[in-house]
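Participant: Starting off with a structure, shown below.
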Amino acid sequence: MREHRTTLVLVVLAVAVVLGCFLVAGNVGYGGTDGAATDAITATDPGYQPWFEHLWAPESKEIESALFALQAALGGAVIGFVFGTLRERRRRRAPRTGGDRGHEEVHG
Amino acid sequence: MHIAEGFLPPLHAAGWTVVAAPFVVHGAREVRRLVRERPDARLLLGAAGAFTFVLSALKLPSVTGSSSHPTGTGVGAIVFRPPVMALLGTVVLLFQALLLAHGGLTTLGANVFSMAVLGPWAGYGCYRLLRRAPLAVAVFVGVAVADLATYVTTAFQLALAFPDPTSGLVGSLARFLGIFAVTQVPLAVVEGILGVLLVRALRSWAGPELAGLGRVGEPDVREETVDA
């Protein structure tokens, strides 16, 4: 049970830091730091012209957000699959004596 | 920390690409070797890559009123050593440059160097230095440093390319650090906590797969007495 309590404390701590940032900065329109850096470059060197354009760019902010969500979802799905598989492996291992890797089936 | 497409002068863009390329090639070799020697570690490799995928997609607000995202490279660097992250980080950056118009192809070399090379090595270095500390502490610091060092490197790269006309390199560095590093501190803390959570989960569920992969693979009795 102590294990679970430590996990819970860590989760709460992570959420608290994120929420704390919202509270401190207020819910203003958040520009990205990447954009801020681009502005700073233009301010430092007003004559600078980007010399290469994206081959393809999302049409709108909404599509961009959707693609970011897609990226996170893909990663999340893989992590879910990995832990699902690990859980199953451990379950099958449990009845035997631990650490027997010889009978391992090949997954994905 | 992505330097936008076309926003590094051609000479700098080429220079960083040349610097980053050998690390990526070496990383690819390391991944191949790892997969050959430890087929059962493929799952964990997938998890490390996926962790980077998720975290680098999450734009979170920070205290400075702007948003940024964690890098997710620290955990993989700690578990598999940094070369592996050179390849995994490059894959993520390429995905974002091509599909999300985030970062860019011309700035890929510079972005790979900060996020996939220097960040992981800095984090791993701190993690190793803290080998006498409880594992949770070493992981937290290592992961957070990997995140923060990435952004400090980006600030340095931009300062080098765009020194301030009056205050020079130092003035420019201070300005870019103000944009990147300050925003990143809380995010690095969050990433550090998430890193500890992931390593804890892996240690309790993937003992045999982790075995032989350094300290995270060793049972550590002292760890239980520490509240991170």
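Protein sequences, first through last, are from chains W and D.
To convert a position in the first sequence, counted from 1, into this note's numbering, add 817.
To convert a position in the second sequence, counted from 1, into this note's numbering, add 919.
We put the beta carbon where it would ideally sit given N, CA and C, even for glycine.
All figures in this text were calculated on a predicted structure; none of them were measured in a lab.
#1: Would you check if the distance between the CB atom of R1119 (chain D) and the CB atom of L1129 (chain D) is smaller than 8 Å?
#2: Please list, in chain order, all residues of the same chain as L962 (chain D) whose beta carbon is under 7 Å from its beta carbon, the five residues on each side excluded.
#3: Residues of the stretch 982–999 of chain D with a CB closer than 9 Å to any CB of chain W: list them in chain order, please.
#4: Strictly under 8 Å for the Cβ-Cβ distance: is V1060 (chain D) near chain W by that measure?
#5: Does the distance from the C-beta atom of W868 (chain W) to that of G925 (chain D) stay below 8 Å?
#6: Which residues in chain D sit within 8 Å of E870 (chain W), going by Cβ to Cβ distance?
#7: Quick check on P929 (chain D): does DSSP put it in helix, strand or coil?
#8: S1033 (chain D) CB to nearest chain W CB: under 8 Å?
#9: Using only alpha-carbon positions, find the residue among W:A890, W:A874 and W:F898 that is nearest to A1020 (chain D).
#10: Kindly indicate if chain W contains any beta-carbon less than 8 Å away from that of F1099 (chain D).
#11: For the stretch 1002–1013 of chain D against the stretch 1044–1058 of chain D, are there 3 or more C-beta pairs whose distance is under 8 Å?
#12: How many Å lie between T971 (chain D) and G991 (chain D) at the Cα?
#13: Judging by CA-CA distance, which residue of D:P1138, D:V1108 and D:G1114 is the nearest neighbour of A996 (chain D)?
#14: Grab me the residues of A1100 (chain D)'s own chain with a C-beta within less than 8 Å of its C-beta, minus the 5 sequence neighbours each way, in chain order.
#15: So what does L979 (chain D) bridge to, in DSSP terms?
#16: Tell me whether G864 (chain W) sits in a helix, a strand or coil according to DSSP, three-state version.
#17: For I1112 (chain D) and G837 (chain W), I'd like the C-alpha separation in whole angstroms.
#18: Based on DSSP bridge pairs, tell me the residues matched to G1136 (chain D).
#19: Under a CB-based cut-off of 8 Å, is R904 (chain W) close to chain A?
#20: Based on the DSSP secondary-structure assignment, which residues constitute the bridge partners of G1042 (chain D)?
#21: Can you give me the C-alpha to C-alpha distance between S981 (chain D) and V1109 (chain D), rounded to a whole angstrom?
#22: By DSSP, does G1023 (chain D) sit in helix, in strand, or in coil?
#23: Just to confirm my understanding: we take A967 (chain D), look at its own chain, exclude 5 residues before and 5 after, and list those with CB closer than 7 Å. What are they?
#24: How would you label I922 (chain D), buried or exposed, when you count the other beta carbons within 10 angstroms and need 16 or more for buried?
Facilitator: From the atom records:
#1: Walking along the second sequence from the start, residue 1119 (chain D) turns up at place 200. Walking along the second sequence from the start, residue 1129 (chain D) turns up at place 210. No; because the gap between Cβ atoms is not below 8 Å, this pair is not in contact.
#2: Numbered from 1 along the second sequence, position 43 holds the residue referred to as residue 962 (chain D). Same-chain partners within the cutoff: E1128.
#3: Residues passing the 9 Å Cβ filter: V982, T983, G984, S985, S986, S987, H988 and G991.
#4: As a working note, residue 1060 (chain D) is residue 141 in the second sequence. Taking Cβ atoms only, chain W never reaches closer than 8 Å to V1060 (chain D), which makes this a no.
#5: Working through the first sequence from its first residue, we reach residue 868 (chain W) at position 51. Working through the second sequence from its first residue, we reach residue 925 (chain D) at position 6. Contact flag set, yes.
#6: Counting from 1 along the first sequence, the entry for residue 870 (chain W) is found at position 53. The answer, in chain order, is E924 and G925.
#7: Here residue 929 (chain D) refers to the residue found at position 10 when the second sequence is read from its first residue. In the structure shown, P929 (chain D) adopts helical secondary structure according to DSSP, grouped into three states.
#8: For the purposes of this step, residue 1033 (chain D) is taken as residue 114 along the second sequence, with counting starting at 1. Not one chain W Cβ lies under 8 Å of S1033 (chain D).
#9: Taking the first residue of the second sequence as 1, we reach residue 1020 (chain D) at position 101. If we check each option's Cα against that of A1020 (chain D), W:A874 comes out closest.
#10: Taking the second sequence and counting its residues from 1, the one referred to as residue 1099 (chain D) is at position 180. Answer yes: the Cβ-Cβ gap between F1099 (chain D) and chain W drops below 8 Å somewhere.
#11: By the C-beta criterion, the stretch 1002–1013 of chain D is judged not to be in contact with the stretch 1044–1058 of chain D, since fewer than 3 inter-stretch pairs fall below 8 Å.
#12: Along the second sequence, one-based indexing puts residue 971 (chain D) at 52. Along the second sequence, one-based indexing puts residue 991 (chain D) at 72. If you take the alpha carbons of T971 (chain D) and G991 (chain D), they lie about 4 Å apart.
#13: Stepping through the second sequence from its first residue, residue 996 (chain D) is reached at position 77. Nearest to A996 (chain D) by alpha-carbon distance, out of D:P1138, D:V1108 and D:G1114, is D:G1114.
#14: By one-based count along the second sequence, residue 1100 (chain D) stands at place 181. Excluding positions up to five away in sequence, the list reads L1067, Y1070, V1071 and A1074.
#15: Locating residue 979 (chain D) in the second sequence gives position 60, where the first residue counts as 1. In the DSSP output, where bridge partners are listed per residue, L979 (chain D) has D:S987.
#16: In the first sequence, counting from the first residue as 1, residue 864 (chain W) sits at position 47. Here G864 (chain W) sits in coil by DSSP.
#17: Taking the second sequence and counting its residues from 1, the one referred to as residue 1112 (chain D) is at position 193. Taking the first sequence and counting its residues from 1, the one referred to as residue 837 (chain W) is at position 20. Looking at the backbone, the Cα of I1112 (chain D) and that of G837 (chain W) are separated by about 15 Å.
#18: The residue you call residue 1136 (chain D) lines up with position 217 of the second sequence. In DSSP, G1136 (chain D) forms no bridge with anything.
#19: The structure shown has no chain A; the protein chains it does contain are W and D.
#20: Taking the second sequence and counting its residues from 1, one reaches residue 1042 (chain D) at position 123. Per DSSP, G1042 (chain D) has no beta-bridge partner at all.
#21: The residue labelled residue 981 (chain D) in the question sits at position 62 within the second sequence. The residue labelled residue 1109 (chain D) in the question sits at position 190 within the second sequence. Cα to Cα, the separation comes out at about 11 Å.
#22: By 1-based counting over the second sequence, the position of residue 1023 (chain D) is 104. Under the three-state reduction of DSSP output, G1023 (chain D) falls in the coil class, being neither helix nor strand.
#23: Taking the second sequence and counting its residues from 1, the one referred to as residue 967 (chain D) is at position 48. Scanning its chain for C-beta atoms nearer than 7 Å, with the 5 sequence neighbours on each side dropped, one finds around A967 (chain D) the residues V994, G995, V998, F999 and L1007, in chain order.
#24: For the purposes of this step, residue 922 (chain D) is taken as the residue at position 3 of the second sequence. It counts as buried.
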